[in-house]
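Below is one structure; the comments refer to it alone.
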Amino acid sequence: MVGEFSSAAQARAGLPGLEAEICICDISMPDGSGLDLLADIPSGIRVVMLSMHDNPALVELALERGACGFLSKRCKPEDLITAVRTVASGGVYLMPEIAQQLARVKVDPLTRREREIALLLAQGQEVREIAVVLGLSPKTVHVHRANLFAKLGINNNVELAKRMLNL
């Protein structure tokens, strides 16, 4: 170990001066997101994310932004050692449980009904309107909406509209 930082600002300032090969980074930091920090990590340093957040959408975002590994903080110490060794040798490491979640989301993230509701929400329709169109109760539409938000790792209709463009 050649350094330790307790904030994103400290990491931004300190990482360039270190001769590190691997950086273990959390998503939640006191002054920002480890996901945003990924853009500022020097190119020669490979990153393993270690976080309590293991939502497939966050894992995918971390990988898209340059992380080479992702583990939950619930991992065993030997999993972290394996991840560091794998990433140091040029590989990519995902904790098996996270890889399975990611694969499930990639194969079939939404049910047919969730996809219908997602498309209508993304077009700006209200829950009550969707309920009438699909012959469902508003409560049922809310349940489907909550399920699809959880599956996609989003929190609102704006994020949903952006995400539906990519599905």
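Each step along the sequence shown adds one to the number in the UniProt record's numbering, with nothing skipped, and position 30 is 30.
Virtual Cβ for every residue (Gly too), placed ideally from N, Cα, C.
Can you grab the Cα-Cα spacing for the pair residue i / residue j, in whole Å?
{"i": "residue 46", "j": "residue 123", "result": "40 Å"}
{"i": "residue 143", "j": "residue 117", "result": "11 Å"}
{"i": "residue 88", "j": "residue 8", "result": "22 Å"}
{"i": "residue 50", "j": "residue 26", "result": "5 Å"}
{"i": "residue 30", "j": "residue 75", "result": "22 Å"}
{"i": "residue 155", "j": "residue 127", "result": "15 Å"}
{"i": "residue 111", "j": "residue 159", "result": "19 Å"}
{"i": "residue 52", "j": "residue 18", "result": "26 Å"}
{"i": "residue 149", "j": "residue 136", "result": "19 Å"}
{"i": "residue 119", "j": "residue 81", "result": "43 Å"}
{"i": "residue 125", "j": "residue 6", "result": "44 Å"}
Grab me the residues of residue i's own chain with a C-beta within less than 6 Å of its C-beta, minus the 5 sequence neighbours each way, in chain order.
{"i": "residue 12", "result": "40"}
Who are the Cβ neighbours of residue i in its own chain at under 7 Å, not counting the five residues just before and after it?
{"i": "residue 113", "result": "144"}
{"i": "residue 16", "result": "42"}
{"i": "residue 153", "result": "55, 56, 57, 58"}
{"i": "residue 23", "result": "15, 41, 45, 47"}
{"i": "residue 147", "result": "114"}
{"i": "residue 10", "result": "none"}
{"i": "residue 164", "result": "118, 119, 122"}
{"i": "residue 138", "result": "127, 128, 131"}
What do you get for residue i, buried or exposed, if any count of 16 or more other CB atoms within 10 angstroms of its CB means buried?
{"i": "residue 54", "result": "buried"}
{"i": "residue 73", "result": "exposed"}
{"i": "residue 77", "result": "exposed"}
{"i": "residue 1", "result": "exposed"}
{"i": "residue 91", "result": "exposed"}
{"i": "residue 98", "result": "buried"}
Pop quiz: residue i and residue j are said to be a contact at Cβ under 8 Å. What is the actual Cβ separation, rounded to whole angstroms?
{"i": "residue 134", "j": "residue 157", "result": "The Cβ separation is near 17 Å, so there is no contact."}
{"i": "residue 71", "j": "residue 62", "result": "Actually they do not touch by this definition, with Cβ atoms about 11 Å apart."}
{"i": "residue 162", "j": "residue 109", "result": "In fact, because the Cβ distance is near 15 Å, the residues do not count as touching under 8 Å."}
{"i": "residue 69", "j": "residue 94", "result": "7 Å"}
{"i": "residue 3", "j": "residue 20", "result": "7 Å"}
For residue i, which residues from the same chain have a beta carbon less than 8 Å from its beta carbon, with the 5 sequence-adjacent residues on both sides left out?
{"i": "residue 67", "result": "25, 38, 47, 48, 49"}
{"i": "residue 140", "result": "131"}
{"i": "residue 35", "result": "27, 58, 61, 62, 65"}
{"i": "residue 79", "result": "71, 95"}
{"i": "residue 86", "result": "69, 92, 93"}
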